[in-house]
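Colleague:
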Amino acid sequence: MKKILVITLVLLLAAMTAGNVFAQSFPKRNITAVVVWGAGGGTDTCNRIIHAEMQKFLGVNVNVINKTGGVAGSVGMSYAFSRPHDGYTLCGLSESNVTAGVQGGWNNRFDVWETFIVGGSPDIISVTPNTPYKTLKDLIEAAKKSPGKITAAASGAGSIHHLNLLALEKGSGADFNFIPYKGSAPSQNAAMAGEVSVVVTSLAEQQQLLRGGKLRALGMLIPDSFDVEGLGTIPSSFDSYPGLSKYLPISQAIGFAVPADAPLEARAALQAAFRKAMATDKVKNWAEENYYLLSGATGAESKAIFNALESNFAWTLWDLGAATVKPSKLGIPKP
Amino acid sequence: MLIFERIGSFFGIVFGIAADPVNLAVLFGSVLLGILFGAMPGLTSTLGVALLTALTFGMDTALAMICLLAIYVGGTYGGSYSSILINIPGTAAAAATALDGYPLACKGEGGRAIGLTTTASAIGTVISMLFVVSISPIISSFALQFTSFEFFLLALFGILISGTLTSPDLVIKGWISGFLGLFLACVGRDLLQFYPRFTFGFMELESGIEVVPVLIGAFGIPQIIQVLKDRTKIAEAQKLQRIIPEIGTVIRNIPAIIRSALIGVGIGSVPGIGEDIAGWVSYGTAKNTSKHPETFGKGELKGVLASETANNACVGGAMIPLLNLGIPGSPPAAMLLGALMLHNVTPGPMITFEHPTFILEVAAILLLASCAMWITGMLLAKQVVKVLRIPAQLFMPIIGLLCIIGSYSLGLNIFNLYLMLPVGIICYFLIEMGYPIAPLVIGVILGPMADENLRRALMVSQGSFLPIFQRPVALILFIIIVWTVISQFEFYDRIKKKVVLFILRKRERSTAGSAETNNSGEKTTD
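So the protein sequences, as listed, match chains A and B. For the first sequence, the working numbering assigns the number 1 to the initial residue and increments by one for each residue that follows. For the second sequence, the working numbering assigns the number 336 to the initial residue and increments by one for each residue that follows.
(1) Run through the stretch 739–826 of chain B for me and flag every whole alpha helix (DSSP H) of 4 or more residues, listed as ranges in chain order.
(2) Quick check: the stretch 635–648 of chain B against the stretch 345–362 of chain B, are there 3 or more CB pairs under 8 Å?
(3) Under 8 Å Cβ to Cβ from Thr233/A, same chain only, skipping five residues before and after it: list those, please.
(4) Roughly how many angstroms lie between the CA atoms of Asn189/A and Arg216/A, to the nearest whole one?
(5) Please give me, in chain order, every unbroken run of the beta strand (DSSP E) with length at least 3 that falls completely inside the stretch 194–267 of chain A.
(6) State the start and end residues of the unbroken beta strand (DSSP E) segment that holds Asp435/B.
(7) Check whether the stretch 204–220 of chain A and the stretch 104–112 of chain A are in contact - that is, three or more C-beta pairs closer than 8 Å.
(8) Please confirm if Ser542/B has its CB atom under 8 Å from at least one CB of chain A.
(9) Taking the alpha-carbon positions, what's the Leu387/B to Cys402/B distance?
(10) Please identify the residue among Val60/A, Ala262/A, Thr45/A and Asp175/A whose C-alpha is closest to the C-alpha of Pro27/A.
(11) Run down chain A in chain order and give the residues with a C-beta less than 7 Å from the C-beta of Val795/B.
(12) Does the beta carbon of Trp286/A sit closer than 8 Å to a beta carbon anywhere in chain B?
(13) Excluding the five sequence neighbours on either side, which residues of its own chain have a C-beta within less than 7 Å of the C-beta of Ala809/B, listed in chain order?
(14) Use the C-beta contact count for His627/B: other C-beta atoms within 10 angstroms, 16 or more gives buried, fewer gives exposed.
(15) Please confirm if Gly782/B has its CB atom under 8 Å from at least one CB of chain A.
(16) Roughly how many whole angstroms lie between the Cα atoms of Glu340/B and Met464/B?
(17) Might you give, ordered along the chain, the residues of its own chain that have their beta carbon closer than 7 Å to the beta carbon of Thr131/A, omitting 5 neighbours on each side?
(18) Which residues in the same chain have their Cβ closer than 8 Å to the Cβ of His690/B, if we skip the five residues on either side of it in sequence?
(19) Going straight from the alpha carbon of Thr819/B to that of Leu136/A, what length do you get?
(20) Name the chain A residues that come within less than 8 Å of Ile403/B, Cβ to Cβ?
(21) Note down the Cα distance separating Lys329/A from Arg109/A, rounded to an integer number of angstroms.
(22) Between which residues of its own chain and Ala100/A is the CB-CB distance below 7 Å, once the five residues before and five after are set aside?
(23) Is the shortest distance between the beta-carbon of Gln208/A and the beta-carbons of chain B less than 8 Å?
(24) So the candidates are Leu270/A, Ile160/A and Leu166/A; which of them puts its Cα closest to the Cα of Asp86/A?
(25) May I ask you to report which of helix, strand or coil DSSP gives Trp318/A?
(26) Using 8 Å for Cβ pairs, my map puts Gly599/B next to Ala668/B. What's the rounded Cβ distance?
(27) Write down the C-beta distance between Thr499/B and Gln823/B rounded to the nearest angstrom, noting that I regard them as a contact closer than 8 Å.
(28) Near Thr453/B, what residues of its chain come up, given a Cβ to Cβ distance below 8 Å and the 5 sequence neighbours on each side ignored?
(29) How is the alpha helix (DSSP H) around Gly101/A delimited, first residue to last?
(30) Look up Phe533/B in the DSSP assignment and say whether it is helix, strand or coil.
(31) Determine, using beta carbons only, whether Ala553/B and Cys762/B come nearer to each other than 8 Å.
(32) Please name the residue, chosen from Ile140/A, Lys170/A, Ala273/A and Phe116/A, that lies closest to Phe306/A on a Cα-to-Cα basis.
(33) Rounded to the nearest angstrom, what separates Val613/B and Ile602/B at their Cα positions?
(34) Note down, in chain order, all residues in the stretch 493–527 of chain B with a beta-carbon under 7 Å from any beta-carbon belonging to chain A.
(35) Quick check on the DSSP output: the beta strand (DSSP E) that includes Gly38/A runs from which residue to which?
(36) Roughly how many angstroms lie between the CA atoms of Thr630/B and Lys67/A, to the nearest whole one?
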């Protein structure tokens, strides 16, 4: 009798402690966010802002590190995915990463991640100021005359900026010599230094250089024009090339992700902190000052967005002849 | 007038910062933390700045900048401690310091070396600060001269020069070691087309060989084996001598210190590369311009001064493109960029309009950080030398443990240990065979830069090497590289002697000839 009592007591105690641990199980230690693009780029800044707010609600630090390289950021993504799926390793990523699979750098579909979308900034095409191209028309006509001669920079092959460039080529009939860089910041640096003539990055990443006269804006790669303080209105490239509407816009979805098979609790805690962080003035003001449009999508909503992006990106790349693995091989449906 | 106004507001800011005790406490605390980070193998100033970036988010921008710049300055300086005292560089930036610093420590002059490097590092930081305030726009335009070809040549030069400088007998051994490092850097997915190279199907190798475990393995493990095997003391503890300013020695070396600082600022301002190359190039320049190059590597104070001044001057250099163009000049500066973005300061050409005093504030913080570093360093120097009194049988296992922790702490990845140990053992045998190790590590650090930029440059030029000869900076780098290689061969000496003889003879003949004509002239007038 005594024995049974002792055993029940011990079991009860064990259950209670286990229950206790379970109740406050996430997060117990600091979280690492692995950003797959370079420091100072759009994805990096966005992650640093949101995680700095989120850590206030999570009660632990979120350390942001950068792990760049590969096609469509697959080095960092593979690294983050190889860590335990416990919610303590996040992957700071953007829409550009959905092409890693069809480019041969990633063997999964993108829905192995549960995504959190902060937002994005529209893409813009610019040139080195001392080039003769004053308008988009000048540039496109010159590129048509000498195909493959004018150099154009964008971050890694298969990135959104590369896709925007490809779509621009497809829609306008121009042909550039594409040069990949490790991120938006180095590609803009190359355009400033005159190593390349053309650069495609987002407005948020470029606005300082545009306003400082280090680069010249030719056109927004969205259907609408955009007003930039101190620069005036940047026209939409659709005005001169209406055919672009067939291929553009391809919009950014910057945020972070956690493996979809991470414990439910961890994902729920992250979602709650993410929602609170998105509502803070700090994030809102930052978005406005930096030419970002906020999204805040999580769970099923962001999954749908990313699924659409994935099939769109993958099949566009395949149609453009820039993919190495057929999307259907990975089970990605046509858009 | 404008300059005086600028100087006035600069000192206004300096005193404004120094007047607040909280600022001072943060300043000294961060410098000390930086020195600890720098001195521990495996913890680098990049990591220090990265870890503090998140912590400083709650502070206001000025205080955060004090914290981050101070840890950056302290971390760059702290690497010299372990280089000099135990021959294991705390950071890659201090690898060149070990060449002469450790022999000095073996002679019992470790304390003296640390005292002098402290002063030199502080002077280096202050000189670089002057550049930040005065002519940073000009230097930024210099930074824009660097395109892919230049980056490739610079990386190649860094590897070659460290190979040239460190070889105990044959220079070719240094180059072989450097190219082994380059080969290691090729492991992993390539950076442009994502093709797996030498990964043999291992997931862990996909993202390439990490630098920190290689650094720790290559420098730490051979040293531990060596000391324990020979049952020697690590170094002479300390002869009785003062550490506090040998003002005479510093003043005598002022030209060398200024030259090293200029090299540091120049290299720091080139985007993406930083303290490690600066140390080597400066050390190489010091050795090549010295009247007694044979004393280098055997405990030459000038060698220690050269590399330590340059790597600290790099800090200010790296800030120049960061502040003026938004391009980080070194890996820790890249972390700083992130921190600035967090505080809603976007560095770039517009920064002087949006935050008019920001550049001056950064310069003021650099000045204060170098003062704090000097004071802390002077107080620490005498104490840290005492670690050498610990018996090697006790001390070396502790260092071994630190090596393991340092490798593992990077991303908490156990694979790093599997990498560190074999690298260390291979390096031990390489050292036994007379191969220097530093070029191997530099090869691993600069390899990705060389590889990626060469191939990108060829993509831009569509397969042509011609731009090397058309771009001024590239051409200069190319000539320096060719000269570095050729000057090591015997035939170069022979040709040089012949050319010198030829010129001398010609001159003799012409002077003799002119003398004769003069004579004959005189005769005719006679």
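Ideal Cβ positions, reconstructed from N, Cα and C, are used throughout, including at glycine. Just so you know, these numbers come straight off a predicted model, no measurement behind them.
Modeller: The structure says:
(1) 750–767, 773–795, 802–805 and 807–821
(2) no
(3) As a first step, residue 233/A must be located in the first sequence, where it is residue number 233. So the list reads Ser225, Phe226 and Asp227, once near-sequence residues are dropped.
(4) Translated into the one-based positions of the first sequence, residue 189/A becomes position 189. Translated into the one-based positions of the first sequence, residue 216/A becomes position 216. Taking the straight line from one Cα to the other gives about 13 Å.
(5) For the stretch 194–267 of chain A, whole beta strand (DSSP E) runs of length 3 or above, ordered along the chain, are 198–202, 216–220, 226–228, 232–234 and 254–259.
(6) Here residue 435/B corresponds to residue number 100 of the second sequence, with the count starting at 1. Careful: Asp435/B lies outside any beta strand (DSSP E), inside the alpha helix (DSSP H) at Ala430 to Cys441.
(7) no
(8) Here residue 542/B refers to the residue found at position 207 when the second sequence is read from its first residue. It does: the Cβ of Ser542/B has a partner Cβ on chain A nearer than 8 Å.
(9) The sequence position of residue 387/B within the second sequence is 52, counting from 1. The sequence position of residue 402/B within the second sequence is 67, counting from 1. When the Cα atoms are used, Leu387/B and Cys402/B turn out to be separated by approximately 8 Å.
(10) By one-based count along the first sequence, residue 27/A stands at place 27. Nearest C-alpha to Pro27/A: Val60/A.
(11) The sequence position of residue 795/B within the second sequence is 460, counting from 1. In chain order: Thr151, Ile179, Glu195 and Val196.
(12) The residue you call residue 286/A lines up with position 286 of the first sequence. It does: the Cβ of Trp286/A has a partner Cβ on chain B nearer than 8 Å.
(13) Residue mapping note: residue 809/B aligns to position 474 of the second sequence, counting from 1. Apart from sequence neighbours up to five positions away, the residues of its chain that approach Ala809/B with a beta-carbon distance below 7 Å are Phe484, Glu485, Leu488, Pro802 and Ile803, ordered along the chain.
(14) Within the second sequence, numbered from 1, the residue matching residue 627/B stands at position 292. The residue in question, His627/B, is exposed, as its Cβ has fewer than 16 Cβ neighbours within 10 Å.
(15) In the second sequence, residue 782/B corresponds to position 447, counting from 1. So no, Gly782/B is outside the interface.
(16) In the second sequence, residue 340/B corresponds to position 5, counting from 1. In the second sequence, residue 464/B corresponds to position 129, counting from 1. C-alpha separation (whole angstroms): 18 Å.
(17) Here residue 131/A is taken as the residue at index 131 of the first sequence, counted from 1. Here the set comprises Ser197.
(18) Taking the second sequence and counting its residues from 1, one reaches residue 690/B at position 355. Cβ within range, chain order: Val680.
(19) As a working note, residue 819/B is residue 484 in the second sequence. As a working note, residue 136/A is residue 136 in the first sequence. Each residue's alpha carbon lies about 47 Å from the other.
(20) Numbered from 1 along the second sequence, position 68 holds the residue referred to as residue 403/B. The amino acid occupying residue 403/B in the given sequence is Leu; Ile does not appear at that position. None at all; the shortest Cβ gap to chain A is about 13 Å.
(21) Taking the first sequence and counting its residues from 1, the one referred to as residue 329/A is at position 329. Taking the first sequence and counting its residues from 1, the one referred to as residue 109/A is at position 109. One C-alpha to the other measures close to 10 Å.
(22) Sequence index remark: in the first sequence, residue 100/A carries index 100 (1-based). So the qualifying residues of the chain are Val71, Ala72, Gly73, Ser74, Met77 and Trp106.
(23) Numbered from its first residue, the first sequence carries residue 208/A at position 208. Yes, its Cβ sits closer than 8 Å to a Cβ of chain B.
(24) In the first sequence, the residue the question calls residue 86/A occupies position 86. Restricting attention to Leu270/A, Ile160/A and Leu166/A, the CA atom closest to the CA of Asp86/A is found in Leu270/A.
(25) Residue numbering aside, residue 318/A sits at position 318 when the first sequence is read from its first letter. Here Trp318/A sits in helix by DSSP.
(26) The count along the second sequence starts at 1 and reaches residue 599/B at position 264. The count along the second sequence starts at 1 and reaches residue 668/B at position 333. Not a contact, Cβ separation roughly 13 Å.
(27) Counting from 1 along the second sequence, the entry for residue 499/B is found at position 164. Counting from 1 along the second sequence, the entry for residue 823/B is found at position 488. The pair is a contact, with the Cβ atoms about 7 Å apart (cut-off 8 Å).
(28) Taking the first residue of the second sequence as 1, we reach residue 453/B at position 118. Contacts found: Tyr412, Met708, Trp709, Gly712, Met713 and Ala716.
(29) In the first sequence, residue 101/A corresponds to position 101, counting from 1. Annotation for Gly101/A: no alpha helix (DSSP H) segment contains it, and DSSP assigns it neither H nor E.
(30) Taking the first residue of the second sequence as position 1, residue 533/B is located at position 198. Coil.
(31) By 1-based counting over the second sequence, the position of residue 553/B is 218. By 1-based counting over the second sequence, the position of residue 762/B is 427. Yes, they are a contact pair.
(32) If you number the first sequence from 1, residue 306/A lands on position 306. Here the closest residue by C-alpha is Phe116/A.
(33) Against the second sequence, residue 613/B aligns to sequence position 278. Against the second sequence, residue 602/B aligns to sequence position 267. In the sequence under discussion, the amino acid at residue 613/B is Ala, which differs from the Val named in the question. So the alpha carbons of these two residues sit roughly 6 Å apart.
(34) Arg524, Leu526 and Leu527
(35) One-based indexing of the first sequence puts residue 38/A at position 38. Note, Gly38/A: premise wrong, no beta strand (DSSP E); not H, not E.
(36) Within the second sequence, numbered from 1, the residue matching residue 630/B stands at position 295. Within the first sequence, numbered from 1, the residue matching residue 67/A stands at position 67. Each residue's CA atom was taken as its position, placing Thr630/B and Lys67/A some 42 Å apart.
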